[in-house]
Each structure stands twice: as structure tokens, then as C-alpha cells.
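Quick note: the sequence shown, position 32, residue 35 per the numbering used here, numbers continuous.
Backbone N, C-alpha and C define an ideal beta-carbon position, used for all residues, glycine too.
Worksheet for the structure shown next.
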Amino acid sequence: SEPPTGAGDCTYSYQKVGEVSINELEGLHDPTTFKIMGGYEYNKYTDKGVHMSFWDGKEDVAACQKRIDTLAALFKAKYPDLPDLPDPDCDFNQYKFYHGKV
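See the structure below:
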């Protein structure tokens, strides 16, 4: 099988193998109580949440990596028999794709 090229005649398929909910990812067990207690997942003006720190530092590279690692660990814990796949190469060219609209 050839790798996807993005050309109009290029097709691919995928199979859903599992999921991690946003509540699992954030460690949020009771969203209703969280909100009643004044919780807020993220405030763009303060760059942090209230009673939650998962999204703090939205643009911080280290914080983003920690979120990625958390998701990977949760997924692996839920689906330990699935293989670890390598990250795909990203060769996306926004200027080519959007034809100068960026």
C-alpha cells in the first residue's frame, strides 16, 4: 500500500480503536459539581483555570507536551494491547493548500 499523498485520487482508511473522554483527560469526575463550586476549565485572560490546572499555560511548550503525554498514558492504560505507532511525518504546506489565502 502506498502512503497517502493528499492528491485528489488518494484514499485511505482508518479504524476507531478507542477513546479518552475530555473529562478523563482533565481528571474531571463530576462536571456539575465542578461548575457549581465555581470551577472553570480555562480563562484566556488569566491563562489558567479555576479549580483546574490542566489547560494552564495554553501556549507553553512544556505544558502542551505534558498534556500530550497525559493523553498518551491514559490511552495506553485503557488499551494496553494496542501497538505504539510512530508519529506520522507532517509535510503540510499551508500556502499550497490555501493558495495564498493565508
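(request) Taking V64 as part of the alpha helix (DSSP H), name the residues at either end of that continuous run. (result) By 1-based counting over the sequence shown, the position of residue 64 is 61. V64 -> alpha helix (DSSP H) spans 64-81.
(request) Check the C-beta distance from L77 over to V20 and give it rounded, since I have them as a contact under 8 Å. (result) In the sequence shown, counting from the first residue as 1, residue 77 sits at position 74. In the sequence shown, counting from the first residue as 1, residue 20 sits at position 17. About 14 Å separates the two Cβ atoms, so there is no contact after all.
(message) I need the straight-line Cα distance from W58 to Y98, nearest angstrom please.
(response) Translated into positions along the sequence shown, residue 58 becomes position 55. Translated into positions along the sequence shown, residue 98 becomes position 95. So the alpha carbons of these two residues sit roughly 30 Å apart.
(request) Taking 8 Å as the cut-off, decide whether the C-beta atoms of G41 and H54 are in contact. (result) Along the sequence shown, one-based indexing puts residue 41 at 38. Along the sequence shown, one-based indexing puts residue 54 at 51. Yes, the pair counts as a contact, with Cβ atoms nearer than the cut-off.
(request) Return the CA-CA distance between D87 and T73, expressed in angstroms with no decimal places. (result) For the purposes of this step, residue 87 is identified with residue 84 of the sequence shown, where counting begins at 1. For the purposes of this step, residue 73 is identified with residue 70 of the sequence shown, where counting begins at 1. Whole-angstrom Cα-Cα distance: 15 Å.
(message) Quick check: what's the CA-CA separation for N96 versus P6?
(response) Here the question's residue 96 lines up with position 93 in the sequence shown. Here the question's residue 6 lines up with position 3 in the sequence shown. Cα to Cα, the separation comes out at about 17 Å.
(request) Please confirm whether G52 and E62 have their CB atoms less than 8 Å apart. (result) By 1-based counting over the sequence shown, the position of residue 52 is 49. By 1-based counting over the sequence shown, the position of residue 62 is 59. Cβ atoms of G52 and E62: not closer than 8 Å.
(request) Compute the beta-carbon to beta-carbon distance between P34 and N26, rounded to the nearest angstrom, for a pair I have assumed lies under 8 Å. (result) Here residue 34 refers to the residue found at position 31 when the sequence shown is read from its first residue. Here residue 26 refers to the residue found at position 23 when the sequence shown is read from its first residue. Confirmed, about 6 Å.
(request) Let me know the secondary structure DSSP gives E44 once reduced to three states. (result) Working through the sequence shown from its first residue, we reach residue 44 at position 41. E44: strand per DSSP, three-state reduction.
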